[in-house]
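Colleague: Provided herewith is a single structure, encoded as structure tokens, for subsequent inquiry.
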Amino acid sequence: MPYSMVSHLLCPKCNETYDSDTIQQLCVCGSPLLVEYDLDEVKEHLTKEMITGREQSLWRYHELLPVKKEENKVSFEEGMTPFLPLPSLGQKMKLSNLYIKDEGMVPTGSFKARGAAVGISKAKELGVQNLAMPTNGNAGAAWSLYAAKAGLEAHIVMPVDAPEITRKEVSISSAHLYLVNGLISDAGKIVGDLVKEQGFYDASTLKEPYRIEGKKTMGYEIAEQLNWELPDVILYPTGGGVGLIGIYKAFLELKKLGWIKDQKLPRLVAVQSEGCAPIVKAFEEGKTESEFWENSTTHAFGINVPKAIGDFLVLDAIYQTDGCAVAVSEEDIRISQREVAALEGQFICPEGASTFAAAERLRERNWIKEDEQVICLNTGLGIKYPDAFEVNVKTMETNERINV
Ligand SMILES: *Cc1c(COP(=O)(O)O)cnc(C)c1O
Ligand SMILES: [Zn+2]
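Taking the working numbering, the leading residue of the sequence shown gets 1, the next gets one more, and so forth.
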């Protein structure tokens, strides 16, 4: 039985097809390409019961991933992250079925490791030696470390004010680090030049087709962890939107395989910060594409993306699932981050915290009903962002200190 049952690449905009055994970037029409599988073959050879006993990583779904030879797999056993109920916070928010899927618990401390694992493995399989990418930090960190493991050279361009820890992760892996005084969109232009001048593989978000395949495994895991029944609502902190597009893609694949009973897919919610909300604006205006968000700013750095190349796919996933897009304030992100830690003991990242702030707004508006099953995706570790909030301290006089 083949390790992967990938068949080809397909353009969701113009339906052009491409071969997945040679390097491909965007479609000639400018759209990202999506990976297609021979789902009839998968159906014939694989059952969901077979998956249950497999390794506790995203590679348990290898038939539905694009890497053809297992020897090309570059992995730190990423995936199968904790899926936990949050009863105390749920009670406060009047949600009786609130859950977190905790992506802080993956190598490199952010869910970017999923995209990096599959993206780097496939790049290795395709014979790539040098790759370049713009990043808000976490993706660059993950891709650098996976590239180091694979023996590839990574050229990473990030804004100067991206979280310092991510800069260090890139640097320690010996990747080439370029800092740009601007936004991820400015970093993207520099990568464009590197790709054109040096012939590097362009690993920018959705400009290679495989990162999304790593991220879609969050959708498979949610289904599997819920015993192949889907929740009512999933909230996702949306920058480039790759995770949201991926989760939607995963559910469509599972439906075609007949592995999920539900006819109705979960309502997908794209959460953004009020300081950078192009998807929310497009959604509110009923548009199918977003416009560039001028002067974007948010301390939830991973979702500071003023214009996403896959915006039309994000909006389509929202519309198709009767979902929505919500912007939350910087202050509400901070409050939610503190609440999750104080009530549930989990130190999540600001991006993840934005989904809780949004769930609370949507509950208040009764868009989410009290007994609906709601999943907030925490995309990274809070400890990667030590400057995200102020510390409350009680100061003591020296003579009150305990001797040690
Ligand atoms: C990149 C990132 C996001 C946004 O992910 P997209 O798939 O680009 O929308 C959210 N949270 C964190 C921590 C990130 O690093
Ligand atoms: Zn096309």
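Think of the CB as a built atom: it goes at the ideal place given N, C-alpha and C, for glycine as much as any other residue. If you're wondering where the values come from, they're calculated on a predicted model, not measured in any experiment.
Can you determine whether any heavy atom of ligand 1 sits closer than 7 angstroms to the C-beta of residue 170, and answer yes or no?
Modeller: Indexing the sequence shown from 1 puts residue 170 at position 170. Result no, Cβ not under 7 angstroms from ligand 1.
Colleague: If you reduce the DSSP assignment to three classes, tell me which class residue 337 lands in.
Modeller: Here the question's residue 337 lines up with position 337 in the sequence shown. In the structure shown, residue 337 sits in a helix (DSSP, three-state: H, G or I).
Colleague: With DSSP as the reference, identify every bridge partner of residue 10, one or two as the case may be.
Modeller: Counting from one through the sequence shown, the residue named residue 10 turns up at place 10. Within the DSSP secondary-structure output, residue 10 pairs in a beta bridge with 17 and 34.
Colleague: Tell me whether residue 35, by its Cβ, gets closer than 7 angstroms to a heavy atom of ligand 2.
Modeller: The sequence position of residue 35 within the sequence shown is 35, counting from 1. Not under cutoff, so the answer is no.
Colleague: Starting from residue 410, trace the alpha helix (DSSP H) both ways and give me its first and last residue.
Modeller: The structure shown does not extend to residue 410, since the chain is modelled only from 1 to 404, so the question has no answer here.
Colleague: Could you please give the first and the last residue of the uninterrupted beta strand (DSSP E) stretch that includes residue 218?
Modeller: Start at 1 with the first residue of the sequence shown, and residue 218 comes out as number 218. Looking at the DSSP string, residue 218 is not in any beta strand (DSSP E); the run it does join, the alpha helix (DSSP H), is 211 to 225.
Colleague: If you check the beta carbons only, do residue 370 and residue 98 fall under 8 angstroms apart?
Modeller: For the purposes of this step, residue 370 is taken as the residue at position 370 of the sequence shown. For the purposes of this step, residue 98 is taken as the residue at position 98 of the sequence shown. No; because the gap between Cβ atoms is not below 8 angstroms, this pair is not in contact.
Colleague: Based on DSSP bridge pairs, tell me the residues matched to residue 153.
Modeller: Residue numbering aside, residue 153 sits at position 153 when the sequence shown is read from its first letter. Answer is 130, bridged to residue 153.
Colleague: Would you check whether ligand 2 has a heavy atom nearer than 7 angstroms to the C-beta of residue 31?
Modeller: Looking up residue 31 in the sequence shown gives position 31. Yes.
Colleague: In terms of residue numbering, what span does the beta strand (DSSP E) encompassing residue 84 cover?
Modeller: As a first step, residue 84 is located in the sequence shown; it is residue number 84 there, counting from the start. Unbroken beta strand (DSSP E) run through residue 84: 83 to 85.
Colleague: For the alpha helix (DSSP H) containing residue 191, list its first residue and its last residue.
Modeller: Residue 191 sits at position 191 when you count from the first residue of the sequence shown. 184 to 198 is the extent of the alpha helix (DSSP H) around residue 191.
Colleague: Could you spell out the range, first to last residue, of the beta strand (DSSP E) harbouring residue 237?
Modeller: Taking the first residue of the sequence shown as position 1, residue 237 is located at position 237. For residue 237, the enclosing beta strand (DSSP E) begins and ends at 233 to 237.
Colleague: Pull up the distance between the alpha-carbon of residue 276 and that of residue 45, whole angstroms please.
Modeller: Translated into the one-based positions of the sequence shown, residue 276 becomes position 276. Translated into the one-based positions of the sequence shown, residue 45 becomes position 45. Approximately 45 angstroms between the Cα atoms of the pair.
Colleague: Quick check: residue 250 and residue 216, are their CB atoms within less than 8 angstroms of each other?
Modeller: As a working note, residue 250 is residue 250 in the sequence shown. As a working note, residue 216 is residue 216 in the sequence shown. Taking 8 angstroms as the Cβ cut-off, residue 250 and residue 216 qualify as a contacting pair.
Colleague: Just confirm the distance between the C-beta atoms of residue 347 and residue 303, as a whole number of angstroms; I'd bet it's less than 8 angstroms.
Modeller: Looking up residue 347 in the sequence shown gives position 347. Looking up residue 303 in the sequence shown gives position 303. No, residue 347 and residue 303 are not in contact; Cβ-Cβ is about 18 angstroms, not under 8 angstroms.
Colleague: How would you call residue 285, buried or exposed, if buried means at least 16 neighbouring beta carbons within 10 angstroms?
Modeller: On the sequence shown, position 285 is the one that residue 285 refers to. Classification of residue 285: exposed, given that the 10 Å Cβ count is below 16.
Colleague: Residue ranges of each beta strand (DSSP E) run of no fewer than 3 residues wholly in the segment 55 to 115, ordered along the chain?
Modeller: Uninterrupted beta strand (DSSP E) stretches at least 3 residues long and entirely within the segment 55 to 115 occur at 83 to 85 and 97 to 102, given in chain order.
Colleague: Compute every distance between the C-beta of residue 240 and the non-hydrogen atoms of ligand 1, then say whether any falls below 7 angstroms.
Modeller: In the sequence shown, counting from the first residue as 1, residue 240 sits at position 240. Answer for residue 240: yes, Cβ within range of ligand 1.
Colleague: Going by alpha carbons, who is nearest to residue 291 out of 299, 279 and 300?
Modeller: Position 291 of the sequence shown, counted from the start, is the residue given in the question as residue 291. Here the closest residue by C-alpha is 279.
Colleague: Cβ atoms of residue 108 and residue 145: under 8 angstroms apart, would you say?
Modeller: Against the sequence shown, residue 145 aligns to sequence position 145. Against the sequence shown, residue 108 aligns to sequence position 108. Contact flag set, yes.
Colleague: Measuring only the C-alpha atoms, how far is residue 257 from residue 171?
Modeller: Within the sequence shown, the letter at position 257 stands for residue 257. Within the sequence shown, the letter at position 171 stands for residue 171. Cα to Cα, the separation comes out at about 43 angstroms.
Colleague: Let me know if residue 54 comes out buried or exposed under the rule of 16 or more other beta-carbons within 10 Å of its beta-carbon.
Modeller: Taking the sequence shown and counting its residues from 1, one reaches residue 54 at position 54. Exposed, because fewer than 16 other Cβ atoms sit within 10 Å of the Cβ of residue 54.
Colleague: Given this structure, state the Cα-to-Cα distance separating residue 142 from residue 78, to the nearest angstrom.
Modeller: By 1-based counting over the sequence shown, the position of residue 142 is 142. By 1-based counting over the sequence shown, the position of residue 78 is 78. Taking the straight line joining both Cα atoms gives about 11 angstroms.
Colleague: Would residue 27 be called buried (16 or more neighbouring beta carbons within 10 Å of its own) or exposed?
Modeller: Along the sequence shown, read from residue 1 onward, the residue named residue 27 stands at position 27. By the 10 Å Cβ count, residue 27 comes out buried.
Colleague: Comparing alpha-carbon positions, which option in 230, 243 and 247 lies nearest residue 263?
Modeller: Translated into the one-based positions of the sequence shown, residue 263 becomes position 263. Measuring from the Cα of residue 263, the nearest candidate turns out to be 230.
Colleague: Let me confirm a value: residue 138 is counted as buried when at least 16 other C-beta atoms fall within 10 Å, else exposed. Which label applies?
Modeller: Indexing the sequence shown from 1 puts residue 138 at position 138. Its Cβ being crowded by 16 or more others within 10 Å, residue 138 is buried.
Colleague: Using CA atoms only, rank isn't needed, just tell me which of 394, 374 and 380 is closest to residue 91.
Modeller: Here residue 91 refers to the residue found at position 91 when the sequence shown is read from its first residue. Measuring from the Cα of residue 91, the nearest candidate turns out to be 374.
Colleague: Less than 7 angstroms between the CB of residue 349 and some heavy atom of ligand 1, yes or no?
Modeller: Here residue 349 corresponds to residue number 349 of the sequence shown, with the count starting at 1. For ligand 1, at least one heavy atom lies less than 7 angstroms from the Cβ of residue 349.
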